[in-house]
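Taking numbering that gives the first Met the number 0, the leading residue of the sequence shown gets 0, the next gets one more, and so forth.
Glycine residues also receive a C-beta, built at the ideal position from the N, C-alpha and C atoms.
On a predicted model such as this, the values are computed, not experimentally measured, just so you know.
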Amino acid sequence: MNFREWAGRKSQPVLALNLVLGLFAGSLSVPLLPADCWAQAQSVAAFDSASFQAALRFTLYFEGGYSNHSADVGGKTYRGILQPEYDAYRAGKGLPVQDVRRMDNSELWEIYYSYWDASRAESMSPILGVAMFDTAVNFGRSGAVRFLQQALAVPVTGSFNSETFQALQSQNQEEIAKRMIENRIQYRYKRVRESPSQQVFLQGWLNRDYSLWSYLQWYQQQSR
Numbered sequence: 000m001n002f003r004e005w006a007g008r009k010s011q012p013v014l015a016l017n018l019v020l021g022l023f024a025g026s027l028s029v030p031l032l033p034a035d036c037w038a039q040a041q042s043v044a045a046f047d048s049a050s051f052q053a054a055l056r057f058t059l060y061f062e063g064g065y066s067n068h069s070a071d072v073g074g075k076t077y078r079g080i081l082q083p084e085y086d087a088y089r090a091g092k093g094l095p096v097q098d099v100r101r102m103d104n105s106e107l108w109e110i111y112y113s114y115w116d117a118s119r120a121e122s123m124s125p126i127l128g129v130a131m132f133d134t135a136v137n138f139g140r141s142g143a144v145r146f147l148q149q150a151l152a153v154p155v156t157g158s159f160n161s162e163t164f165q166a167l168q169s170q171n172q173e174e175i176a177k178r179m180i181e182n183r184i185q186y187r188y189k190r191v192r193e194s195p196s197q198q199v200f201l202q203g204w205l206n207r208d209y210s211l212w213s214y215l216q217w218y219q220q221q222s223r
């Protein structure tokens, strides 16, 4: 069964979704940060975006914890943030570098919001915005634009140009999100074929992709 057959079924496999929904139970407006960090984050109005919070909830489920797997080219990673990326963030603020595991919640939100902002997710429908954000975190900002362009059937440049914007405005954004996820799944298999050492990550990747589509459908229903 391919992704489109799976996505079109009335009763879909939930994979990790039961765990996801357990984590996300309740209002989507409930902050992810402790009260002190949330008070600090509220000074940035954009953090109040319901779509951003919904996107962050999903992504953090799959990016939770510390990882430093020998087969992972990303190296040391904490809650989805690579050590070099955290180093650059700290350096940009004139702060000394430190182990990524010491990153606090306010830093996490600020870094993740940079993904949301760079991928222009706020300008998209909520369902596509969440998919775009998770793809940016998983594949990089330019990588997310490439998946978007592939789904839109426009030249793949990795840059959000006028042709991409025009195509985005003229197509059904729910269908775009579905095509992006389908392309993510195809890419996973291609990567494992080209680099067999990545096989160890395949099931986790696929769980994330299939669960993303189920989550988007659930989120859309909750938002009505």
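Exercise. Considering only residues of the same chain and omitting the five flanking positions on each side of glutamine 172, which have a CB-CB separation below 7 Å?
Worked result: If we look at glutamine 172 and ignore the five residues flanking it on each side, its Cβ neighbours are Met123, Ser124, Ile126 and Leu127.
Exercise. Would you say phenylalanine 132 and alanine 54 are within 7 Å of each other, going by their C-beta atoms?
Worked result: The beta carbons of phenylalanine 132 and alanine 54 sit closer together than 7 Å.
Exercise. Going straight from the alpha carbon of tyrosine 214 to that of tryptophan 204, what length do you get?
Worked result: If you draw a straight line from the Cα of tyrosine 214 to the Cα of tryptophan 204, it comes to about 15 Å.
Problem set entry | CB of arginine 89 within 7 Å of CB of valine 99, strictly | It is not a contact, given that the beta carbons lie outside the stated cut-off.
Exercise. Between which two residues does the alpha helix (DSSP H) harbouring methionine 179 extend?
Worked result: Counting along the chain, the unbroken alpha helix (DSSP H) around methionine 179 starts and ends at 172 to 193.
For this session: Express the C-alpha separation of tryptophan 212 and lysine 177 in angstroms, rounding to a whole number.
Result: Cα-Cα distance, rounded: 7 Å.
Problem set entry | Beta-carbon proximity check, valine 155 vs arginine 145, cutoff 7 Å | Yes.
Problem set entry | Counted within 10 angstroms of its Cβ, other Cβ atoms place glutamine 168 as buried (16 or more) or exposed | Exposed is the label assigned to glutamine 168, since fewer than 16 other Cβ atoms lie within 10 Å of its Cβ.
Exercise. Given that a residue counts as buried once 16 or more other Cβ atoms are within 10 Å of its Cβ, and exposed if not, what is alanine 152?
Worked result: That one is exposed.
Problem set entry | Distance CB(arginine 78)-CB(leucine 107) smaller than 7 Å | Yes, they are a contact pair.
Problem set entry | Euclidean distance between Cα positions of serine 66 and glycine 74 | Going from the Cα of serine 66 to the Cα of glycine 74 covers about 8 Å.
Exercise. Roughly how many angstroms separate the alpha carbons of methionine 179 and glycine 157, rounded to a whole number?
Worked result: Going by the C-alpha atoms only, they are around 14 Å apart.
Exercise. How should tyrosine 188 be labelled, buried or exposed, when 16 other C-beta atoms within 10 angstroms of its C-beta is the threshold for buried?
Worked result: Label assigned to tyrosine 188: exposed.
Problem set entry | Length at least 4, wholly inside the region 74 to 106: the alpha helix (DSSP H) runs in chain order | The DSSP assignment places complete alpha helix (DSSP H) segments of no fewer than 4 residues inside the region 74 to 106 at 82 to 91, in order along the chain.
Problem set entry | 7 Å CB neighbourhood of glycine 63 in its chain, flanking five on each side removed | When the five nearest sequence neighbours on each side are left out, the beta carbons in the same chain lying within less than 7 Å of the beta carbon of glycine 63 are those of Arg78, in order along the chain.
Problem set entry | Contact check, arginine 207 vs glutamine 197, beta carbons under 7 Å | Glutamine 197 is positioned such that its CB atom lies no closer than 7 Å to that of arginine 207.
Exercise. Do alanine 143 and alanine 150 come within 7 Å of each other at the CB atom, strictly closer than that value?
Worked result: Their beta carbons are not under 7 Å apart, which means alanine 150 does not touch alanine 143 by this criterion.
Exercise. Between glutamine 82 and the rest of its own chain, which residues show a CB-CB distance below 8 Å, the 5 nearest in sequence each way excluded?
Worked result: Hits under 8 Å: Gly74, Lys75, Thr76, Asp98 and Val99.
Problem set entry | Cβ-based neighbour list, alanine 120, same chain, cut-off 6 Å, excluding 5 preceding and 5 following | Cβ within range, chain order: Gly128, Met131 and Phe132.
For this session: Please determine, among Ile80, Lys92, Trp115 and Val199, the residue with the shortest C-alpha to C-alpha distance to arginine 101.
Result: Ranking Ile80, Lys92, Trp115 and Val199 by CA distance to the CA of arginine 101 puts Ile80 first.
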